[in-house]
Amino acid sequence: MIRAFVCVARRDLALALRRKSDVANTLVFFVIVTSLFPLGVGPERSLLHAMAPGILWVAALLASMLSLARIFEPDFADGTLEQLALGVEPLSVLVIGKIGAHWLLTGLPLTLISPILALQFDLQPLAILALCGGLLAGTAALSLIGAVGAALTLGLRGGGVLAALLVLPLYIPVLIFGAGAVGAVESGLGAQPHLLLLGAFFLTSLASAPWATATAIRIALD
Numbered sequence: 032m033i034r035a036f037v038c039v040a041r042r043d044l045a046l047a048l049r050r051k052s053d054v055a056n057t058l059v060f061f062v063i064v065t066s067l068f069p070l071g072v073g074p075e076r077s078l079l080h081a082m083a084p085g086i087l088w089v090a091a092l093l094a095s096m097l098s099l100a101r102i103f104e105p106d107f108a109d110g111t112l113e114q115l116a117l118g119v120e121p122l123s124v125l126v127i128g129k130i131g132a133h134w135l136l137t138g139l140p141l142t143l144i145s146p147i148l149a150l151q152f153d154l155q156p157l158a159i160l161a162l163c164g165g166l167l168a169g170t171a172a173l174s175l176i177g178a179v180g181a182a183l184t185l186g187l188r189g190g191g192v193l194a195a196l197l198v199l200p201l202y203i204p205v206l207i208f209g210a211g212a213v214g215a216v217e218s219g220l221g222a223q224p225h226l227l228l229l230g231a232f233f234l235t236s237l238a239s240a241p242w243a244t245a246t247a248i249r250i251a252l253d
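If you want our numbering, it's the 1-based position in the sequence shown plus 31.
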């Protein structure tokens, strides 16, 4: 099963690297959204500090949602997804491989670039560290939850918009705890409770989302 997981993840990464513009779109969107706010609200330090956690996390959430359709839709269109479902390996394991590739292409780059963008808001180093730690767990949870929505809307016209509407309520706790971790550090408090809750949300998603996604894929294929 581990070999199947690695093979699926490597395949998706290789295919995505052939369409580098799709991968770059997520990062460009994240950079543009987070860069426009400081230019629009002005250089007032207290205002930037207050807005920074929400802006950075909302931008990361929206950037992650942009790429949800790429998780399963191409393989559904060319029949690859059906072949994976008919294979001997559990479909949930293969789904984890595809979700892992999606996170490596979206969540991880967003996390790596976030410290540079956070400097625009004059965040202190501990707040930036809390931001990165939250994004590591939070974007992984976003990919897991988003995969469920993407699987539920396979083959539907306007499925991308519908998937976003389905998963948005489940994204809200990640947004609250992620932004709360940065805000807590900026207020002189510790970020540990928020980060622990993000970790718990990620582990819960990891335990349930692959099974739910595999079930939704089988329904879409029937």
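Note that the Cβ used here is the ideal one computed from N, Cα and C, for glycine as well.
- Taking one beta carbon from each stretch, the stretch 85-104 and the stretch 217-232 have fewer than 3 pairs nearer than 8 Å; the two do not touch.
- A distance below 6 Å between beta-carbons, with the five flanking residues on each side excluded, links residue 241 to the following residues of its chain, in chain order: 123, 126, 127.
- Taking a contact to require three or more Cβ pairs closer than 8 Å, the stretch 137-145 and the stretch 161-181 qualify as touching.
- Contact annotation: residue 36 and residue 83 have beta-carbon atoms that are not nearer than 7 Å.
- Shown here for residue 186: same chain residues with a beta carbon closer than 8 Å to its own, the five before and five after excluded, namely 107, 251 in chain order.
- Relative to the Cα of residue 155, the nearest Cα in the group 79, 235, 53, 61 belongs to 79.
- In the DSSP assignment, residue 123 falls within the unbroken alpha helix (DSSP H) covering 122-136.
- In the structure shown, the three-state DSSP call for residue 253 is coil.
- Taking one beta carbon from each stretch, the stretch 176-186 and the stretch 91-105 have 3 or more pairs nearer than 8 Å; the two touch.
- Straight-line measurement puts the Cα of residue 182 at about 13 Å from the Cα of residue 116.
- Annotation: the continuous alpha helix (DSSP H) that includes residue 103 extends over 100-109.
- One thing to note: residue 159 has its Cβ no nearer than 7 Å to the Cβ of residue 172.
- In the assembly as shown, residue 55 is an exposed residue. Its beta-carbon has fewer than 16 other beta-carbons within 10 Å.
- For residue 171, the three-state secondary structure derived from DSSP is helix.
- Under the three-state reduction of DSSP, residue 96 is assigned to helix.
- Judged by beta-carbon spacing, residue 208 lies within the 7 Å limit of residue 229, meaning their Cβ atoms are closer than that value.
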